[in-house]
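As structure tokens, the structure follows; a few thoughts come after it.
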Ligand code: HT7
Ligand code: ZN
């Protein structure tokens with residue numbers, strides 16, 4: 006396939022200032038009439054042909070300025086339309102015919118449960134009409150939709166509604182106009198029979214905006230939380246970034262077939278219904294938090310992505326990294342900042358670190374791609390957000406806000422680049438960010454090795470810090486990075502240690518600026534050896550190798566004033582213990598854990614000065630994949646699982662009474678609120694249930710918890726405990742059947758049932774998952790179903806997927822190929838589950854490779870899947 010390179014970027018020879026679209030909707034033959042005003046740009050050669058993108062299109066009519074074109078004037082294939090010798094300014098009329106009902110790739114115009122909807126990012130618009138389908142072509146859109154009134158009473162597009170009315174033969178129409186020039190990837194249309202939840206918002210300048218959330222009829226009662234999150238997002242963006250909404254209406258539509266989470270189409274966000282629909286009966290606290298974050302994320306794109314868009318797809322992080330940063334800050338303000346930060350870092354480490362450390366590693370701003378859909382990655386999104394956070398750390402909040410203000414002022418209405426973004430911060434602060442810019446250009450997770458010495462006679466404390474960046478595919482030599490390392494020197498009573506002066510690195514506001522390979526950072530006037538707390542608040546997305554005494558680590562786990570670093574200290578102790586246990590198990594020994602460690606778990610659980618949500622996060626052991634990542638090579642998932650189970654049991658046994666007491670104290674009083682504090686109490690109670698379920702009577706406790714649950718968070722937690730810890734027990738069998746009977750008709754809840762079973766540890770799960778693909782509630786055509794069952798099995802079941810005989814991989818390869826026939830994008834994402842195959846022990850490695858080769862050898866592989874598999878194998 007073709008490789009697209011950043012250095013090849015050239016502006017188009019033509020612009021399309023106005024785009025008129027008429028859709029005459031029909032499931033198998035929708036007529037699309039596009040009327041495009043096209044202008045040759047100044048400086049473009051008069052002989053330049055106009056080459057428009059298409060993807061599987063059938064051209065029915067073509068005319069320029071009202072005159073039909075002769076065959077000699079153009080060249081049309083399904084994937085390209087070339088107009089030879091076009092005039093300098095003209096109106097191009099194109100008619101294409103498309104079949105939304107048979108569009109299973111879910112890109113372009115498709116049908117989801119009889120609702121017409123679109124997904125155009127990144128390159129789906131070219132499946133609707135021929136166009137300059139690239140983000141730097143900004144056009145003003147006017148859209149007319151015609152449909153049968155009974156089939157589609159609701160007709161929506163971007164911008165503001167202009168007019169609507171009846172047509173003959175039971176048809177009707179609506180016209181929409183979006184006054185803001187936008188790239189084609191932000192185009193959207195929705196038509197169908199949907200229920201509406203209506204509300205309004207008055208903006209900071211007093212304009213009233215009509216808000217609508219559209220859902221499957223009958224599900225309106227499940228959209229209240231999303232609406233509340235939307236209004237809070239609108240208000241927060243005014244306060245935090247001075248950003249006001251700009252149209253008269255803002256609509257959200259929930260659809261049940263969607264390739265990703267949601268899409269920020271101008272004024273008409275389209276959502277995977279999983280991220281809209283919620284109530285206590287059907288959604289967990291994690292679902293509520295996701296809905297809040299994703300509603301906010303898509304709304305925030307209105308400025309970071311829509312008003313200022315990306316010049317080309319290499320700049321994807323310009324909108325995605327920045328918008329993730331904005332939604333993280335929003336959630337931090339709405340919830341607990343400390344808990345949010347810990348959760349973010351856990352996600353980053355679980356998804357981005359393995360990506361950065363494996364064959365699919367790429368810079369936050371990639372330099373080349375074969376398939377852009379495969380670059381909607383944790384690196385672009387999550388690491389991209391961390392890079393923005395580091396800019397704020399380096400500049401401080403005021404200068405950061407001034408930089409953002411300048412960004413909006415300078416680039417509104419433009420398609421911008423990362424260079425534009427960095428420049429505003431340089432301009433407002435006078436700082437040179439050229440070394441910092443490497444965070445965008447260079448892949449790989451930097452590591453800092455840190456050791457410390459204290460010289461009491463000289464009253465000097467020294468940190469010796471060395472940076473390295475591991476090689477990544479096609480980048481063997483790395484340059485030195487600018488790493489903002491937040492730190493604290495902590496005295497014996499937990500107080501910050503004052504120091505006289507510091508030399509060896511720039512240190513500002515509690516941040517050491519690492520810029521060289523090696524720094525000796527000397528703090529003078531330090532009488533007693535302090536404990537050193539590093540990378541506070543996770544100020545940089547790096548790994549740390551710290552020579553630190555266990556005493557210091559225990560001390561920080563109990564006393565660090567930085568909540569993130571305190572959590573990190575305990576997490577490091579747990580990880581170290583788990584890795585030691587893993588080695589003991591491989592050596593044939595029984596693992597043992599210190600009473601100090603298991604006792605600290607009990608202290609954290611019982612510390613009422615801590616937020617319950619924090620305690621829950623602290624007590625949830627590093628996942629098997631986290632442990633595998635930290636071990637790094639010759640991974641045996643069964644030994645990791647055994648080590649983790651042994652530590653969980655040791656903690657449960659050591660704290661049996663305390664855990665039972667706290668569990669009792671946190672009892673559900675039957676009232677429900679999805680707020681963060683209530684969710685935190687449920688999280689701690691359910692974490693304790695998980696421990697207590699390992700002790701005698703555990704299955705009946707979990708069964709009782711399941712039966713008594715008054716909300717989905719508790720019910721799903723208990724079902725998970727039963728299925729994972731007591732698989733096959735009468736309690737587990739009964740609960741799984743009860744859940745299925747109760748929720749069999751609710752696909753989103755059944756996804757939880759699939760997920761829980763797909764993640765049951767052990768060698769038997771592959772057969773179970775295979776059998777579940779035949780369940781009435783499962784469908785290979787629905788991305789949510791596929792991700793819940795097959796995605797969970799392959800990415801969240803270490804012992805099941807990596808079964809030693811390779812059966813997990815064989816099932817996986819077959820399924821990926823089956824999904825691919827319908828939906829290459831979903832298949833390609835699924836296939837990334839094998840990206841860390843080289844860290845496995847040799848036996849599993851060979852079998853994983855066979856599975857990858859089986860996929861690679863399949864006939865007619867899509868560009869999406871081929872790209873992932875070939876890079877994974879390279
Ligand atoms: N900007 C949106 C990305 C997206 C997407 C990309 C490719 C294929 C389908 C897609 N659906 C949504 C989502 C976001 O980041 O806000
Ligand atoms: Zn986004």
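Numbering (the UniProt record's numbering), first residue to last: 6 to 879. For each residue, glycine too, the CB sits at the ideal point set by N, CA and C.
Query: Meets three-Cβ-pair contact criterion under 8 Å: the region 412 to 428 and the region 303 to 315; Result: yes
Query: Where the beta strand (DSSP E) through residue 166 begins and ends; Result: 165 to 171
Query: Rounded C-alpha distance that separates residue 572 from residue 562; Result: 6 Å
Query: Per DSSP, cross-strand counterpart(s) of residue 125; Result: DSSP output for residue 125 lists no bridge partner at all.
Query: Environment of residue 457 [buried if 16+ CB atoms lie within 10 Å]; Result: buried
Query: Delimiting residues of the alpha helix (DSSP H) encompassing residue 413; Result: 402 to 416
Query: Reference residue 282; option with closest CA among 272, 270, 273, 300; Result: 300
Query: Enclosing alpha helix (DSSP H) for residue 328 [first to last residue]; Result: 321 to 339
Query: Residue 793 and residue 819 closer than 7 Å at C-beta; Result: no
Query: Residue 546 to residue 511 span [Cα, whole Å]; Result: 19 Å
Query: Residue 2, DSSP secondary structure in three states; Result: Outside the shown range of the chain (6 to 879) lies residue 2, about which nothing can therefore be said.
Query: Expected contact under 8 Å - CB spacing of residue 689 and residue 697 to nearest Å; Result: Contact flag wrong, Cβ pair sits at about 12 Å.
Query: First and last residue of the uninterrupted beta strand (DSSP E) at residue 529; Result: 523 to 529
Query: Per-residue burial, residue 307 [other beta carbons within 10 Å of its own, 16 or more giving buried]; Result: buried
Query: Contacts around residue 860, its chain only, beta-carbon distance under 8 Å, and the 5 residues preceding and following it disregarded; Result: 818, 821, 822, 836, 866, 870, 874
Query: Residues of its chain near residue 325, where Cβ-Cβ distance is below 7 Å and the 5 sequence neighbours each way are ignored; Result: 385, 386, 389
Query: Near the ligand HT7: residue 381 beta-carbon under 6 Å from a heavy atom; Result: yes
Query: Anticipated Cβ contact below 8 Å, residue 567 with residue 401, distance rounded; Result: So it is not a contact: roughly 18 Å between Cβ atoms.
Query: beta-carbon residue 328 near the ligand ZN non-hydrogen atom, thresh 6 Å; Result: yes
Query: Separation of residue 753 from residue 222, as counted between CA atoms; Result: 16 Å
Query: Any non-hydrogen atom of the ligand HT7 closer than 6 Å to residue 126 Cβ; Result: yes
Query: heavy atom of the ligand ZN below 6 Å from residue 325 C-beta; Result: yes
Query: Alpha-carbon to alpha-carbon, residue 24 and residue 86; Result: 17 Å
Query: Own chain, CB closer than 7 Å to residue 624, minus 5 neighbours either side, in chain order; Result: 606, 609, 610, 692
Query: Coil, strand or helix - residue 55 by DSSP; Result: strand
Query: Whether residue 581 touches residue 538 by CB criterion (7 Å); Result: no
Query: Distance between residue 649 and residue 238 (C-alpha atoms, nearest Å); Result: 39 Å
Query: Length of the line joining the Cα atoms of residue 670 and residue 664; Result: 10 Å
Query: Rounded separation between residue 575 and residue 558 - CA only; Result: 7 Å
Query: Closer than 6 Å: residue 755 CB and nearest the ligand HT7 heavy atom; Result: no
Query: Segments of 3+ residues assigned as beta strand (DSSP E) that fall wholly inside the region 223 to 271; Result: 254 to 260
Query: Of the residues 645, 616, 224, 629, the one placed nearest residue 683, counting alpha carbons only; Result: 616
Query: Cβ contact (3+ pairs, closer than 8 Å) linking the region 33 to 53 and the region 97 to 117; Result: yes
Query: Residues bridged to residue 116 [DSSP beta-bridge criterion]; Result: 121
Query: Three CB pairs or more closer than 8 Å across the region 257 to 268 and the region 116 to 135; Result: yes
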